[in-house]
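*Asks:* Residue numbers (this note's numbering): 213 to 355.
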Amino acid sequence: MAGEDGVVAAEISAPAPPALGEPMDIMTGLQLVLRKSLAHGGLSRGLHEGAKVIEKHAAQLCVLAEDCNQPDYVKLVKALCADHNVSLITVPSAKTLGEWAGLCKIDSEGKARKVVGCSCVVVKDYGEETEGLHIVQEYIKSH
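(1) Quick check on A294: buried or exposed, where buried means 16 or more other Cβ atoms within 10 Å of its Cβ?
(2) Since C330 and R257 should fall inside the 8 Å C-beta cutoff, what is the C-beta to C-beta distance between them, to a whole number of angstroms?
(3) In three-state DSSP terms, what is V327?
(4) Taking 8 Å as the cut-off, decide whether the C-beta atoms of L300 and A263 are in contact.
(5) Tell me whether the stretch 335 to 355 and the stretch 282 to 290 touch, counting them as touching only if at least three CB pairs, one residue from each stretch, are closer than 8 Å.
(6) Would you report the Cα separation of D284 and E321, rounded to the nearest angstrom?
(7) Smallest Cα separation from V333: which of E341, D279, N281 and W312?
(8) In the DSSP assignment, what are the bridge partners of S299?
(9) Where does the unbroken beta strand (DSSP E) through L345 begin, and where does it stop?
(10) Taking just the CA atoms, how far does S354 sit from V335?
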C-alpha cells in the first residue's frame with residue numbers, strides 16, 4: 213500500500229519504572245513482585261488456594277484487598293497469617309489485585325480487559341530478586 217508508511221507502536225500497560233534516583237513506592241514494588249512470582253509459578257490466588265499454602269507453612273507473603281465485603285473472609289485470612297507468622301499487606305482494590313495476579317485478559321494494545329477481582333493472593337515463591345522485592349521486604353520490616 214503506497215500511502216501507508218507510518219508505523220504504529222503499541223503501548224504496554226505495565227507501569228514505567230521510576231527514573232533513576234526516584235524511589236519506588238510500595239504498590240509499584242508489590243506489583244513487580246506479584247508479576248515475577250506469577251511468572252515463576254509461586255502465586256496462589258483465592259481463599260482456598262491461599263489457605264492451603266499458609267497451612268503448609270510455604271507462604272512468604274499474603275496480600276489482602278481492603279474492599280472485600282465479607283468480614284468472615286477478612287477475619288480468616290488475618291487469623292491464618294497471624295497464626296503462621298506470614299506477613300500481610302493490604303491493597304485498596306480487589307480488581308487491582310486481580311489484575312496484578314494475572315486474572316485478566318490482555319488485549320492487542322496491552323491493556324487489561326475482563327479483570328476479575330481477587331480478595332486474597334499468597335506468594336510462596338518470589339522468583340528472582342528485583343528492586344521491587346527489596347522495597348516490599350523493607351516495608352514488611354517497618355510495619
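The C-beta atom is built at its ideal place from N, Cα and C for all residues, glycine as well.
*Replies:* Let me spell this out:
(1) exposed
(2) 5 Å
(3) coil
(4) no
(5) no
(6) 39 Å
(7) W312
(8) L273
(9) No beta strand (DSSP E) holds L345; the alpha helix (DSSP H) holding it covers E343 to S354.
(10) 19 Å
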